[in-house]
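Sequence order for the protein chains is A, B, C, D, E and F. All letters in the first sequence, in the order written, are residues 1 to 62 by the working numbering. All letters in the second sequence, in the order written, are residues 101 to 162 by the working numbering. All letters in the third sequence, in the order written, are residues 201 to 262 by the working numbering. All letters in the fourth sequence, in the order written, are residues 301 to 362 by the working numbering. All letters in the fifth sequence, in the order written, are residues 401 to 462 by the working numbering. All letters in the sixth sequence, in the order written, are residues 501 to 562 by the working numbering. The next block holds one structure in the form of structure tokens; read it before the comments.
Number of protein chains: 6
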Amino acid sequence: MPIVQVHILEGRTTEQKREMARRVTDAISETLGASPESIEIMITEMSRNHFAEAGVLRIDKT
Amino acid sequence: MPIVQVHILEGRTTEQKREMARRVTDAISETLGASPESIEIMITEMSRNHFAEAGVLRIDKT
Amino acid sequence: MPIVQVHILEGRTTEQKREMARRVTDAISETLGASPESIEIMITEMSRNHFAEAGVLRIDKT
Amino acid sequence: MPIVQVHILEGRTTEQKREMARRVTDAISETLGASPESIEIMITEMSRNHFAEAGVLRIDKT
Amino acid sequence: MPIVQVHILEGRTTEQKREMARRVTDAISETLGASPESIEIMITEMSRNHFAEAGVLRIDKT
Amino acid sequence: MPIVQVHILEGRTTEQKREMARRVTDAISETLGASPESIEIMITEMSRNHFAEAGVLRIDKT
Numbered sequence: 001m002p003i004v005q006v007h008i009l010e011g012r013t014t015e016q017k018r019e020m021a022r023r024v025t026d027a028i029s030e031t032l033g034a035s036p037e038s039i040e041i042m043i044t045e046m047s048r049n050h051f052a053e054a055g056v057l058r059i060d061k062t
Numbered sequence: 101m102p103i104v105q106v107h108i109l110e111g112r113t114t115e116q117k118r119e120m121a122r123r124v125t126d127a128i129s130e131t132l133g134a135s136p137e138s139i140e141i142m143i144t145e146m147s148r149n150h151f152a153e154a155g156v157l158r159i160d161k162t
Numbered sequence: 201m202p203i204v205q206v207h208i209l210e211g212r213t214t215e216q217k218r219e220m221a222r223r224v225t226d227a228i229s230e231t232l233g234a235s236p237e238s239i240e241i242m243i244t245e246m247s248r249n250h251f252a253e254a255g256v257l258r259i260d261k262t
Numbered sequence: 301m302p303i304v305q306v307h308i309l310e311g312r313t314t315e316q317k318r319e320m321a322r323r324v325t326d327a328i329s330e331t332l333g334a335s336p337e338s339i340e341i342m343i344t345e346m347s348r349n350h351f352a353e354a355g356v357l358r359i360d361k362t
Numbered sequence: 401m402p403i404v405q406v407h408i409l410e411g412r413t414t415e416q417k418r419e420m421a422r423r424v425t426d427a428i429s430e431t432l433g434a435s436p437e438s439i440e441i442m443i444t445e446m447s448r449n450h451f452a453e454a455g456v457l458r459i460d461k462t
Numbered sequence: 501m502p503i504v505q506v507h508i509l510e511g512r513t514t515e516q517k518r519e520m521a522r523r524v525t526d527a528i529s530e531t532l533g534a535s536p537e538s539i540e541i542m543i544t545e546m547s548r549n550h551f552a553e554a555g556v557l558r559i560d561k562t
């Protein structure tokens, strides 16, 4: 704890996720006063047919 | 916001998910007074060896 | 299963949530072919200092 | 309800998950007084490039 | 990791939750081969007007 | 989307959460190439009798 869940659309590289995990951990550690060791991040990738806005699946968005 | 997460067993078609996203968005918009544009839906599919009821994995249910 | 989690901002009435639960259950049942009895809905209310868009807490949005 | 979500790193066998679902259901049923039939467990597997501790993805941990 | 989220209806005592956390941790540790120290449990309590089955809020269930 | 859920122990000030939301949004925007406007953060506070590590509720940790 803190436990962070990040839902993103698929398509990012491992390098982007690596950098994101590092930067989000720093941001949380420095603002909330939590030790970096206590911070866990889970990344969940969504495919474009599993995410909708305004009732429209992302694969159908034109 | 509203942010909706729908956990379902795998096996539905994209057409079913498309229709579900549309109908759930309408339902939430009309009952809660949220604009459709503000409503996001994330669909999470579970495989049958990752869901259990009464302590029994769905793949083992006879 | 299906298990649905709906995150909303606080401020809706019980009557609105009641209607939402009924309508969302119908929408999912009819589009995914799940029995209404199998559908569970969890409503999570967020306060305005616990939700941010574009890095701005909702309480600070002008 | 109770609804349990278990996030684990990938790599466990179905036999381990089967046993886990059975044991966790017993534990919850006996301590909270819920009928086993009312308990649902969702298992979510994370890959090692989707989980970070201390800002370091698990695939990078040496 | 493992990270466990347990959604329950409100009304359990702290003693029940304490016992549940202990037993669920044992169950997961022994079946998945995870060290107890690595297992985190988050308990989320739902009020009866925030949980619905078959489209009916629990407060309305007769 | 990205949608971020941050589980923290209760006790932080609104100023800390404000700063955290701003910094986490920047971190995600800059590393994943998402527009800040598309990033939503939900903060969930846990009380110390609702979080356990190694089977021990945080209120019991000595």
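Every residue gets a Cβ at the ideal spot worked out from N, C-alpha and C, and that includes glycine.
(message) Can you find the residues in the same chain that come closer than 8 Å, C-beta to C-beta, to residue 148 (chain B), ignoring five residues on each side of it along the sequence?
(response) Here residue 148 (chain B) corresponds to residue number 48 of the second sequence, with the count starting at 1. Hits under 8 Å: 109, 110, 157, 158, 159.
(message) Looking only at its chain, what residues have a beta carbon closer than 7 Å to the beta carbon of residue 107 (chain B), apart from the 5 residues adjacent to it on each side?
(response) For the purposes of this step, residue 107 (chain B) is taken as residue 7 along the second sequence, with counting starting at 1. Listed in chain order, the non-local C-beta contacts of residue 107 (chain B) below 7 Å within the same chain comprise 144, 146, local neighbours out to five positions each way being set aside.
(message) Could you compute how far the alpha carbon of residue 324 (chain D) sits from the alpha carbon of residue 1 (chain A)?
(response) Translated into the one-based positions of the fourth sequence, residue 324 (chain D) becomes position 24. Translated into the one-based positions of the first sequence, residue 1 (chain A) becomes position 1. Going by the C-alpha atoms only, they are around 22 Å apart.
(message) In the DSSP output, what is residue 244 (chain C) paired with across the bridge?
(response) In the third sequence, counting from the first residue as 1, residue 244 (chain C) sits at position 44. DSSP lists C:207 as partners of residue 244 (chain C).
(request) Counting only the same chain and skipping the five closest in sequence on each side, list residues whose C-beta sits under 8 Å from that of residue 254 (chain C). (result) As a position in the third sequence, residue 254 (chain C) is number 54, starting the count at 1. Once the five neighbours on either side are set aside, residue 254 (chain C) has no close Cβ partner at all.
(request) Would you decide whether residue 261 (chain C) is buried or exposed? Buried here means 16 or more other CB atoms lie within 10 Å of its CB. (result) Looking up residue 261 (chain C) in the third sequence gives position 61. Residue 261 (chain C) should be labelled exposed.
(request) Please report the residue range of the beta strand (DSSP E) in which residue 352 (chain D) lies. (result) As a first step, residue 352 (chain D) must be located in the fourth sequence, where it is residue number 52. 351-353 is the extent of the beta strand (DSSP E) around residue 352 (chain D).
(message) Against chain A, with Cβ distances strictly below 8 Å, would residue 440 (chain E) count as a contact?
(response) For this step, residue 440 (chain E) is matched to residue 40 along the fifth sequence. So yes, residue 440 (chain E) belongs to the interface.
(request) Could you spell out the range, first to last residue, of the alpha helix (DSSP H) harbouring residue 518 (chain F)? (result) Within the sixth sequence, numbered from 1, the residue matching residue 518 (chain F) stands at position 18. Note, residue 518 (chain F): alpha helix (DSSP H), 514-532.
(message) Could you tell me the alpha carbon to alpha carbon distance between residue 432 (chain E) and residue 317 (chain D), rounded to whole angstroms?
(response) On the fifth sequence, position 32 is the one that residue 432 (chain E) refers to. On the fourth sequence, position 17 is the one that residue 317 (chain D) refers to. Rounded to whole angstroms, the separation of the alpha carbons of residue 317 (chain D) and residue 432 (chain E) is 7 Å.
(request) Verify whether the separation of the beta carbon atoms of residue 421 (chain E) and residue 441 (chain E) is less than 8 Å. (result) Here residue 421 (chain E) is taken as the residue at index 21 of the fifth sequence, counted from 1. Here residue 441 (chain E) is taken as the residue at index 41 of the fifth sequence, counted from 1. A contact, by the Cβ cut-off of 8 Å.
(request) Could you tell me whether any Cβ in chain B is nearer than 8 Å to the Cβ of residue 321 (chain D)? (result) Reading the fourth sequence from its first residue, position 21 is the one you call residue 321 (chain D). By this cut-off, residue 321 (chain D) is an interface position.
(request) Say whether chain B places a C-beta atom closer than 8 Å to the C-beta of residue 503 (chain F). (result) Along the sixth sequence, read from residue 1 onward, the residue named residue 503 (chain F) stands at position 3. Yes, residue 503 (chain F) lies at the interface with chain B (some Cβ there is under 8 Å from its Cβ).
(message) Contact criterion: CB-CB distance below 8 Å. Does residue 352 (chain D) meet it with respect to chain A?
(response) As a working mapping, residue 352 (chain D) is identified with position 52 in the fourth sequence. Yes, residue 352 (chain D) counts as interfacial toward chain A.
(message) Taking CB distances under 8 Å as the criterion, tell me whether residue 157 (chain B) reaches chain C.
(response) Here residue 157 (chain B) corresponds to residue number 57 of the second sequence, with the count starting at 1. With 8 Å as the cut-off, residue 157 (chain B) does not count as an interface residue toward chain C.
(message) Classify residue 429 (chain E): buried if its beta carbon has 16 or more other beta carbons within 10 angstroms, exposed otherwise.
(response) By 1-based counting over the fifth sequence, the position of residue 429 (chain E) is 29. Counting Cβ neighbours within 10 Å, residue 429 (chain E) comes out buried, since at least 16 surround it.
(message) Check whether chain A comes within 8 Å of residue 562 (chain F), counting only Cβ atoms and requiring the distance to be less than that.
(response) For the purposes of this step, residue 562 (chain F) is identified with residue 62 of the sixth sequence, where counting begins at 1. No - not a single Cβ of chain A is within 8 Å of the one on residue 562 (chain F).
(message) If you measure between the beta carbons of residue 227 (chain C) and residue 134 (chain B), is that distance less than 8 Å?
(response) For the purposes of this step, residue 227 (chain C) is identified with residue 27 of the third sequence, where counting begins at 1. For the purposes of this step, residue 134 (chain B) is identified with residue 34 of the second sequence, where counting begins at 1. Against a cut-off of 8 Å, the Cβ pair of residue 134 (chain B) and residue 227 (chain C) comes out as no contact.
(message) For residue 419 (chain E) and residue 115 (chain B), what's the separation of their Cα atoms in angstroms?
(response) Position 19 of the fifth sequence, counting from 1, holds the residue named residue 419 (chain E). Position 15 of the second sequence, counting from 1, holds the residue named residue 115 (chain B). For residue 419 (chain E) and residue 115 (chain B), the distance between alpha carbons rounds to 45 Å.
(message) Please report the distance separating the alpha-carbon of residue 536 (chain F) from that of residue 105 (chain B).
(response) Here residue 536 (chain F) refers to the residue found at position 36 of the sixth sequence. Here residue 105 (chain B) refers to the residue found at position 5 of the second sequence. Roughly 22 Å between the two C-alpha positions.
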